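Enquirer: Just add 11 to wherever you are in the sequence shown, counting from 1, and you've got the working numbering. One structure coming up, written as structure tokens, with questions to follow.
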Amino acid sequence: MKIIHRWKILTSVVALAAANTVLAQEAPTYSRDVAPILQDKCASCHNPEGIGPMPLLTYEQVRPFALLIKDRTTKRIMPPWHLDPNVGIQEFKNDMSLSEQEITTLSIWADAGAPEGDRADLPAPLKIASGAAWQLEEQMGPPDLIIRSAPYDVIANGQDQWWTPDMPFEGLDKERWLRAAEFKPSFPLGKKVVHHGHAVLVPQNPEEDGRRSVALARYGVGKSWEIYPEGTGMRVPTDGHIAWNLHYFPVGAEGTGDVVEVGLWFYPDGERPEMETEGEAMFRVDGLNGMARGQDIVIPPHGYQVLQGTHVLDSPAIIHSYRPHMHMRGRVMTMEAIYPDGRKEVLSQVDRYNHNWQISYIYTDESQPILPKGTVLQFSSVFDNTANNPINPDPEQWVVFGRRGVDEMNHAWLGMTYINEEQYGIAIDQRRASQETLRVSQ
Ligand code: HEC
């Protein structure tokens, strides 16, 4: 802690003066300063079984990448976290971003020649979970129920592939309330080729159930699990079938019989949580007002397009996560709340969207927006079809709506729980009380 504090002073006061002698004396070392950051923010992917291209667990592994690490972290490309740190809510359950101070430490360390330092300073080695393990297992124990997709033969090369088997839903003898779900592609193949997917339960009797579909789990690279806030759950009926919707993207590796699994964790038998959630619901930013979906997406070559979509909440609601979805030209998506009293507030803004990642920004229980009935949710998206967009496959093209990555889409997935006025009152009171506690304790 003391060292970090010294850094703060050093970086803010001295670094700008480029005092090389001070840097030489004080340069951070791998063992003492860098390894803890990499363990905390990088190792979950950069390990031999993770999705990162190289492991970053030892000095020998990290040393050759020192300058590349500096480059990717100062540009905020790594870790993948594309949220604007300067506006909107900043407290998330799954925040993997680096602080300014951590970025500076990595950067000064790389510039100083990436010294190893004293191995005695190393933090205890991490226990890395196997690539095939459930990520939630450590926290939640093994899943109560696992559902599996029908096997799929993965081709090595070619265009996007869609696999949409329908499977009976089995394993529950009475209605249960879902507390958490994890979507797990196979390891190692599935982790590379499953780009995104949905496992949606279609109830046997939609009329009786009151719902046409129950979205158990939705997945994208960077988003694989969901834990609903305490007291919130999704009602899961006993009978129905699972409509799988899996998007495979060939990456040069083939395999037969690939199976995706979804793990489900329920509230204890007989326990009914206070609030019923829909899970992730789609909020479109395209083709509203009676237009066909996506009909308004028309991005000119070497140009930009800005689109807005608004949704009025006809009951109070709590948003527990925000996951923008666009494709390769998508750059920005802002979610604002316009309250019934006219106040307007940016809730969250992703300003460096990257289609290779589908990050769900999961608010903490204390930060999740609690919105009154009549709130307008306004989404604004910016598409960049210029050559400045680093993942633009071809700025010469007109771009319209479509399922392929080279076409566009424009919507957000919001973890939504609609509540009644009484629940709204309680939630607001609890929020005030926790803010008061926070204020007093500071
Ligand atoms: C959620 C998983 C994940 C996390 C967390 C993560 N990375 Fe990565 N990293 C990847 C993947 C996947 C790639 C390759 C694709 C890409 O560049 O987007 C990558 C690429 C990189 C590259 C470029 C490698 C190359 O050869 O081009 C560097 C450097 C890097 N990561 C460093 C880091 C550092 C440092 C951290 C932590 C501060 C970190 N990453 C955190 C998944 C991750």
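All C-beta atoms, glycine included, are put in the ideal place defined by N, C-alpha and C. This structure is a prediction, so every number in the text was calculated from the model and none was measured.
Do residue 167 and residue 263 have their CB atoms nearer than 8 Å?
Expert: To locate residue 167, count along the sequence shown from 1; it is residue 156. To locate residue 263, count along the sequence shown from 1; it is residue 252. Yes. Within cutoff.
Enquirer: With distances taken Cα to Cα, identify the nearest neighbour of residue 399 among 433, 382, 279, 339.
Expert: Residue mapping note: residue 399 aligns to position 388 of the sequence shown, counting from 1. Minimum Cα distance to residue 399 is reached at 339.
Enquirer: In three-state DSSP terms, what is residue 173?
Expert: Taking the first residue of the sequence shown as 1, we reach residue 173 at position 162. In the structure shown, residue 173 sits in a strand (DSSP, three-state: E or B).
Enquirer: Tell me whether residue 107 counts as near the ligand HEC, meaning its Cβ is closer than 7 Å to at least one heavy atom of that ligand.
Expert: Walking along the sequence shown from the start, residue 107 turns up at place 96. Flag set: Cβ of residue 107 near the ligand HEC.
Enquirer: By Cβ distance, which residues of its chain are closer than 8 Å to residue 306, with the 5 residues on each side in sequence left out?
Expert: As a first step, residue 306 is located in the sequence shown; it is residue number 295 there, counting from the start. Counting only Cβ-Cβ distances below 8 Å, and skipping sequence neighbours, we find 297, 298, 412.
Enquirer: Along the chain, where does the beta strand (DSSP E) containing residue 236 start, and where does it finish?
Expert: Locating residue 236 in the sequence shown gives position 225, where the first residue counts as 1. Residue 236: member of the beta strand (DSSP E) spanning 236–238, first to last residue.
Enquirer: Where residue 219 and residue 358 are concerned, what is the direct C-alpha to C-alpha distance, given to the nearest angstrom?
Expert: Your numbering for residue 219 matches position 208 in the sequence shown. Your numbering for residue 358 matches position 347 in the sequence shown. So the alpha carbons of these two residues sit roughly 36 Å apart.
Enquirer: What do you reckon, is the C-beta of residue 367 under 7 Å from a heavy atom of the ligand HEC?
Expert: The residue labelled residue 367 in the question sits at position 356 within the sequence shown. Within the cutoff, so yes.
Enquirer: I'd like the list of long-range same chain contacts for residue 163, defined as Cβ closer than 6 Å, with 5 residues on each side in sequence excluded.
Expert: Here the question's residue 163 lines up with position 152 in the sequence shown. Correct list, in chain order: 174, 269.
Enquirer: According to the neighbour-count rule (16 or more other Cβ atoms, all chains shown, within 10 Å of its Cβ), is residue 257 buried or exposed?
Expert: Residue mapping note: residue 257 aligns to position 246 of the sequence shown, counting from 1. Burial call: buried.
Enquirer: Given this structure, state the Cα-to-Cα distance separating residue 208 from residue 231, to the nearest angstrom.
Expert: Locating residue 208 in the sequence shown gives position 197, where the first residue counts as 1. Locating residue 231 in the sequence shown gives position 220, where the first residue counts as 1. Spanning the two alpha carbons is a distance of roughly 7 Å.
Enquirer: For a test of your reading of the model: does the CB of residue 52 fall under 7 Å from any non-hydrogen atom of the ligand HEC? Yes or no.
Expert: The sequence position of residue 52 within the sequence shown is 41, counting from 1. Residue 52: yes, Cβ under 7 Å from the ligand HEC.
Enquirer: DSSP on residue 34, reduced to helix/strand/coil?
Expert: Your numbering for residue 34 matches position 23 in the sequence shown. Here the model assigns residue 34 a pLDDT of 48, short of 50, so the residue's position is not dependable and the matter cannot be decided.
Enquirer: Report whether the distance from the Cβ of residue 233 to the nearest heavy atom of the ligand HEC is below 7 Å.
Expert: Residue 233 sits at position 222 when you count from the first residue of the sequence shown. Yes; taking the cut-off as 7 Å, the Cβ of residue 233 has a heavy atom of the ligand HEC nearer than that.
Enquirer: Would you report the Cα separation of residue 280 and residue 186, rounded to the nearest angstrom?
Expert: By 1-based counting over the sequence shown, the position of residue 280 is 269. By 1-based counting over the sequence shown, the position of residue 186 is 175. Cα to Cα, the separation comes out at about 9 Å.
Enquirer: Taking 7 Å as the cut-off, is the C-beta of residue 87 nearer than that to any heavy atom in the ligand HEC?
Expert: Sequence index remark: in the sequence shown, residue 87 carries index 76 (1-based). No, Cβ of residue 87 sits at least 7 Å from all heavy atoms of the ligand HEC.
Enquirer: Evaluate residue 439 with the Cβ neighbour count: other Cβ atoms within 10 Å of its Cβ, from every protein chain shown; 16 or more gives buried, anything less gives exposed.
Expert: Position 428 of the sequence shown, counting from 1, holds the residue named residue 439. It counts as exposed.
Enquirer: Could you tell me the distance, in whole angstroms, from the CA atom of residue 346 to the CA atom of residue 126?
Expert: For the purposes of this step, residue 346 is taken as the residue at position 335 of the sequence shown. For the purposes of this step, residue 126 is taken as the residue at position 115 of the sequence shown. Cα-Cα distance, rounded: 43 Å.
Enquirer: Are the Cβ atoms of residue 118 and residue 85 separated by less than 8 Å?
Expert: Counted from its first residue, the sequence shown places residue 118 at position 107. Counted from its first residue, the sequence shown places residue 85 at position 74. Yes.
Enquirer: Quick one: does the C-beta of residue 57 sit closer than 7 Å to a heavy atom of the ligand HEC?
Expert: Position 46 of the sequence shown, counting from 1, holds the residue named residue 57. At least one heavy atom of the ligand HEC is nearer than 7 Å to the Cβ of residue 57, so yes.
Enquirer: Assuming residue 388 contacts residue 318 under a Cβ cut-off of 8 Å, what Cβ separation, rounded to an integer in Å, is found between them?
Expert: As a working note, residue 388 is residue 377 in the sequence shown. As a working note, residue 318 is residue 307 in the sequence shown. That pair is no contact at about 15 Å.
Enquirer: How should residue 409 be labelled, buried or exposed, when 16 other C-beta atoms within 10 angstroms of its C-beta is the threshold for buried?
Expert: If you number the sequence shown from 1, residue 409 lands on position 398. Counting Cβ neighbours within 10 Å, residue 409 comes out exposed, since fewer than 16 surround it.
Enquirer: Rank 265, 393, 47, 213 by C-alpha distance to the C-alpha of residue 419 and give the top, closest one.
Expert: Locating residue 419 in the sequence shown gives position 408, counting from the first residue. The option with the nearest alpha carbon to residue 419 is 393.
Enquirer: Taking 7 Å as the cut-off, does the CB of residue 260 come closer than this to any heavy atom belonging to the ligand HEC?
Expert: One-based indexing of the sequence shown puts residue 260 at position 249. No, Cβ of residue 260 sits at least 7 Å from all heavy atoms of the ligand HEC.
Enquirer: Going by alpha carbons, who is nearest to residue 72 out of 275, 428, 214, 59?
Expert: For the purposes of this step, residue 72 is taken as the residue at position 61 of the sequence shown. Minimum Cα distance to residue 72 is reached at 59.
Enquirer: Going by CA-CA distance only, name the one from 111, 303, 225, 253 that's closest to residue 288.
Expert: Counted from its first residue, the sequence shown places residue 288 at position 277. Nearest C-alpha to residue 288 among 111, 303, 225, 253: 225.
Enquirer: Could you spell out the range, first to last residue, of the beta strand (DSSP E) harbouring residue 333?
Expert: By 1-based counting over the sequence shown, the position of residue 333 is 322. Its beta strand (DSSP E) spans residues 328–337.
Enquirer: Please classify residue 205: does DSSP put it in a helix, a strand, or coil?
Expert: Your numbering for residue 205 matches position 194 in the sequence shown. Correct three-state label for residue 205: strand.
Enquirer: Can you give the Cα-Cα distance for residue 3 and residue 41, rounded to whole angstroms?
Expert: The shown model of the chain, from 12 to 453, leaves out residue 3, and the question about it has no answer.
Enquirer: Pick from 253, 423, 427, 341: whose alpha carbon is nearest that of residue 161?
Expert: Along the sequence shown, read from residue 1 onward, the residue named residue 161 stands at position 150. Relative to the Cα of residue 161, the nearest Cα in the group 253, 423, 427, 341 belongs to 253.
Enquirer: What's the C-alpha gap between residue 123 and residue 39?
Expert: Along the sequence shown, read from residue 1 onward, the residue named residue 123 stands at position 112. Along the sequence shown, read from residue 1 onward, the residue named residue 39 stands at position 28. Using only the alpha carbons, I get a separation of about 8 Å.
Enquirer: What residue range does the beta strand (DSSP E) around residue 457 cover?
Expert: The shown model of the chain, from 12 to 453, leaves out residue 457, and the question about it has no answer.
Enquirer: Please report how far the alpha carbon of residue 137 lies from the alpha carbon of residue 56, in whole angstroms.
Expert: Your numbering for residue 137 matches position 126 in the sequence shown. Your numbering for residue 56 matches position 45 in the sequence shown. Distance between the alpha carbons of residue 137 and residue 56: 13 Å.
Enquirer: For residue 34, I'd like the list of residues in its chain whose CB is within less than 7 Å of its CB, leaving aside the five on either flank, ordered along the chain.
Expert: Position 23 of the sequence shown holds residue 34. Confidence in residue 34 is poor, its pLDDT being 48 and thus under 50, which makes the residue's placement unreliable; the coordinate value appears in the next sentence. 119, 123.
Enquirer: For residue 312, which option in 405, 92, 422, 441 has the closest C-alpha, if you only look at C-alpha atoms?
Expert: Taking the sequence shown and counting its residues from 1, the one referred to as residue 312 is at position 301. Residue 405 is the option with its Cα nearest to residue 312.
Enquirer: Quick check: what's the CA-CA separation for residue 32 versus residue 239?
Expert: As a first step, residue 32 must be located in the sequence shown, where it is residue number 21. As a first step, residue 239 must be located in the sequence shown, where it is residue number 228. With a pLDDT of 43 at residue 32, under the threshold of 50, the predicted position of this residue should be treated as unreliable, though the coordinate-derived value follows. Distance from the CA atom of residue 32 to the CA atom of residue 239, rounded to whole angstroms, is 51 Å.
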